[in-house]
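Okay, so the sequence shown: first residue is 1 according to the UniProt record's numbering, each after it adds one.
These notes are about the structure you will find just below.
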Amino acid sequence: MKQTQPNPKMRNPYQPPQTADTPKTPDPRLHQSRLSAMSEPEAVCVTICTPAYAHLRDEAVAAFRKHFGLPVLVIECADSEGYETKMKLDLLVGPRKMVFCDLDFRPVRSFPPVWQSGNWCAVRDHGHKHPKSFASYDIEAHGLDALSYFNSGFFCCDLSKPQHAAVFATSRVIWRDVQQGKRPPVGDFGDQFYLNAAVRELGIPLSLLPVSMNWLRGYAEHGMFPYVPRVIYAIHAAGVPLAGKLQHLRVMEEAHGYAAAELCDSVAREHLALSVELA
1 MKQTQPNPKM RNPYQPPQTA DTPKTPDPRL HQSRLSAMSE PEAVCVTICT
51 PAYAHLRDEA VAAFRKHFGL PVLVIECADS EGYETKMKLD LLVGPRKMVF
101 CDLDFRPVRS FPPVWQSGNW CAVRDHGHKH PKSFASYDIE AHGLDALSYF
151 NSGFFCCDLS KPQHAAVFAT SRVIWRDVQQ GKRPPVGDFG DQFYLNAAVR
201 ELGIPLSLLP VSMNWLRGYA EHGMFPYVPR VIYAIHAAGV PLAGKLQHLR
251 VMEEAHGYAA AELCDSVARE HLALSVELA
């Protein structure tokens, strides 16, 4: 019986044709999240702009886009509603990963994608070390943990996780309790205490980032941190009078936004790797 040799030009009818659009077998060395194009950004950078802070908006948004590489959502509200609006982000942003930044927070170099971890990520607020600070009072009066008390001017979370969305709803409940006298008075004039209290009450795991990712000059000026980090990723004008914030940010960016030597930058990233697990 004559055997027919397979024609290499003929396609096996049980094998789908290979086209330019046919996905190739994934390389196992590559992380799955990098293999396919996403229809939506992996996260969104969110900030809140009130009329009093409008002069900071353009430079802040440009820095967010440049150094985070993410789309930026600017939520506008009245001056009297800024802090309240931050406690409503679960209602305003939608179920996605979020990087929140105050307008007086400014990244000064390419930012490691800490939001990819999906954890609640933030930087400790060392301001509580000043005995007359509102943070010091609130930590003692409300039994918060000083070692996990974070600065709410910059944080990352995943609003698609019910427990992260619940932080904002819980912060609003705590705020109402304080207003109604059901809890001790609060020294904080903004949102920071309420978000910290909600994270603690809900038992949300917190990934603390290095202080270089939310650096306040006041930490060094007032003896609340023993050194100025060699590589700073972001500066924050918290505590600076409003009229001087823009100039402060420009001077700090000039001082800390220089190109870092490769070795020093790698050391900083190693320090980061010890602080938060990235996806």
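C-beta atoms are modelled at their ideal positions from N, C-alpha and C, and glycine is treated no differently.
Between the CA atoms of residue j and residue i - distance to the nearest angstrom
i	j	result
Lys129	Ala146	9 angstroms
Gln192	Ser266	32 angstroms
Glu253	Pro131	29 angstroms
Lys182	Ile174	9 angstroms
His164	Met224	30 angstroms
Tyr53	Gly244	11 angstroms
Leu159	Gly94	7 angstroms
Arg176	Asp58	34 angstroms
Thr22	Pro71	Model confidence at Thr22 stands at a pLDDT of 47, short of 50, so the residue's coordinates are unreliable and nothing is read from them.
Ala268	Ala63	20 angstroms
Ala260	His248	21 angstroms
Ala122	Cys157	9 angstroms
Lys66	Glu140	39 angstroms
His31	Glu42	Its pLDDT being 40, under 50, His31 is placed unreliably in this model, and the value from its coordinates should be taken loosely. If I take the Cα positions, the gap works out to 14 angstroms.
His271	Arg124	15 angstroms
Arg217	Tyr137	21 angstroms
Ala255	Arg109	12 angstroms
residue 280	Asp188	Beyond the ends of the chain as shown, which are 1 and 279, falls residue 280; an answer cannot be given.
Contacting residues, own chain, Cβ-Cβ under 7 angstroms from residue i (five flanking each side not counted)
i	result
Ala60	Thr47, Leu103 and Arg106
Phe68	Cys45, Val99, Pro107 and Phe111
Leu92	Ile75
Ala166	Leu202
Nearest residue (CA-CA) to residue i, options the options
i	options	result
Pro210	Val114, Ser133 and Ser136	Val114
Asp79	Gly190, Gln163 and Pro185	Gly190
Tyr194	Leu208, Pro205 and Gln179	Gln179
His73	Glu84, His55, Lys97 and Val199	Strictly speaking, residue 73 in this sequence is Leu, with His absent from that position. Nearest C-alpha to Leu73: Lys97.
Lys161	Tyr53, Ser117 and Tyr137	Ser117
Met87	Ala255, Ser152, Ile75 and Ser171	Ser171
Asn214	Leu249, Phe111, Pro241 and Ala234	Ala234
His236	Asp90, Ser133 and Arg250	Arg250
Leu56	Ala255, Leu246, Val167 and His126	Leu246
Cys101	Arg109, Asn151, Ser133 and His142	Asn151
Residue burial classification, residue i (beta-carbon count within 10 angstroms, cutoff 16)
i	result
Pro8	Confidence is the limiting factor: at Pro8 the pLDDT is only 47, short of 50, which leaves the residue's position unreliable, though a coordinate-based value still follows. Classification for Pro8: exposed.
Gly82	buried
Arg258	Checking the sequence shown, residue 258 turns out to be Tyr, not Arg. Burial call: exposed.
Ser212	buried
Leu89	buried
Leu242	exposed
Pro226	exposed
Span of the beta strand (DSSP E), counted from its first residue to its last, around residue i
i	result
Phe189	No beta strand (DSSP E) holds Phe189; DSSP gives it neither H nor E.
Asn236	In the sequence as presented, Asn is not what sits at residue 236; that position holds His. Ala234 to His236 is the extent of the beta strand (DSSP E) around His236.
Residue interval of the alpha helix (DSSP H) (run including residue i)
i	result
Ile75	Run containing Ile75: none in the alpha helix (DSSP H); it sits in the beta strand (DSSP E), Val72 to Glu76.
Phe168	Pro162 to Gln179
Cut-off 8 angstroms between Cβ atoms - residues of its own chain near residue i, not counting five sequence neighbours on either side
i	result
Arg200	Leu144, Asp145 and Ser148
Pro185	Ala141 and Val178
Cut-off 6 angstroms between Cβ atoms - residues of its own chain near residue i, not counting five sequence neighbours on either side
i	result
Asn119	Ser207
Val228	Ala220
Ser33	Reliability of the predicted coordinates at Ser33 is poor, the pLDDT of 39 falling under 50, and the value obtained from them is presented with this limitation in mind. Cβ within range, chain order: n/a, list empty.
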